[in-house]
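J.: First, the structure itself, so that you have it in front of you.
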Amino acid sequence: MNMHFQAIYGEVSWECAIMCSGLLTVLLTVFLIPSSVPEPLVYKDCGSQSGKLTLLDVSPCPEQPCPLKRGDTYTINATFISNVNSKSATAVVHGIIMGIPAPFPISEPDGCKTGISCPINSGQTYTYLTKLPIKSEYPCIKLVVKWQLQDENNQNLFCWLLPVHITD
């Protein structure tokens, strides 16, 4: 026996009602549950005298502070507008632990070898792209990364601070 009920637009079978309610559940799930698209990275500018940072992305960084897993490598993507002409760009990185900055050597400090075409021209937009390997011997600790890209006069094209947590 096929049971029916009266709907707004006519009679609908129980099978159709069940299928429609399933479809409604899927649609509500898709549209009401927050998207998995990550939120923009929140960082602090620490004195970009010679440029303006317009985009910073550390990938992957699913939450903040960014969990950096030992043994993994992360991509740093920073887009900036230069306010000066410069023949060079040099990255200077520090880890700040309990307020004390410690130099953090990176594999390629020459910004002209990381996606930036040198010389740098005032008013132009550039994208700095590099990798950050987290060595397995690093301690599991919370710290703030200070990343500067300096022009030929050691002025910051950009400077950002980002809290991170080195994890297992």
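Heads up: the sequence shown begins at 1 in full-length UniProt numbering, then just goes up one per residue. Backbone N, C-alpha and C define an ideal beta-carbon position, used for all residues, glycine too.
How would you label residue 151, buried or exposed, when you count the other beta carbons within 10 angstroms and need 16 or more for buried?
T.: Around the beta carbon of residue 151, 16 or more other beta carbons lie within 10 angstroms, which makes this residue buried.
J.: Where does residue 51 sit, in a helix, a strand or coil, going by DSSP?
T.: strand
J.: Taking residue 136 as part of the beta strand (DSSP E), name the residues at either end of that continuous run.
T.: Counting along the chain, residue 136 falls outside any beta strand (DSSP E), and DSSP gives it neither H nor E.
J.: To the nearest angstrom, how far is the alpha carbon of residue 104 from that of residue 134?
T.: 11 angstroms
J.: Is it the case that the Cβ atoms of residue 67 and residue 167 are separated by a distance below 7 angstroms?
T.: yes
J.: Bridge partners for residue 221 per DSSP, in chain order?
T.: The chain is shown from 1 up to 168; residue 221 falls before or after that span and cannot be answered.
J.: Could you check how far apart the C-beta atoms of residue 73 and residue 132 are, in whole angstroms? I think they sit under 8 angstroms.
T.: 7 angstroms
J.: Out of curiosity, what's the CA-to-CA distance linking residue 75 and residue 47?
T.: 22 angstroms
J.: DSSP beta-bridge partners for residue 110?
T.: Secondary-structure assignment with DSSP links residue 110 through a beta bridge to 90.
J.: By DSSP, does residue 42 sit in helix, in strand, or in coil?
T.: In the structure shown, the three-state DSSP call for residue 42 is coil.
J.: Buried or exposed: which applies to residue 124, given that a residue is buried once 16 or more other Cβ atoms fall within 10 Å of its Cβ?
T.: exposed
J.: Comparing alpha-carbon positions, which option in 77, 96, 159 lies nearest residue 128?
T.: 77
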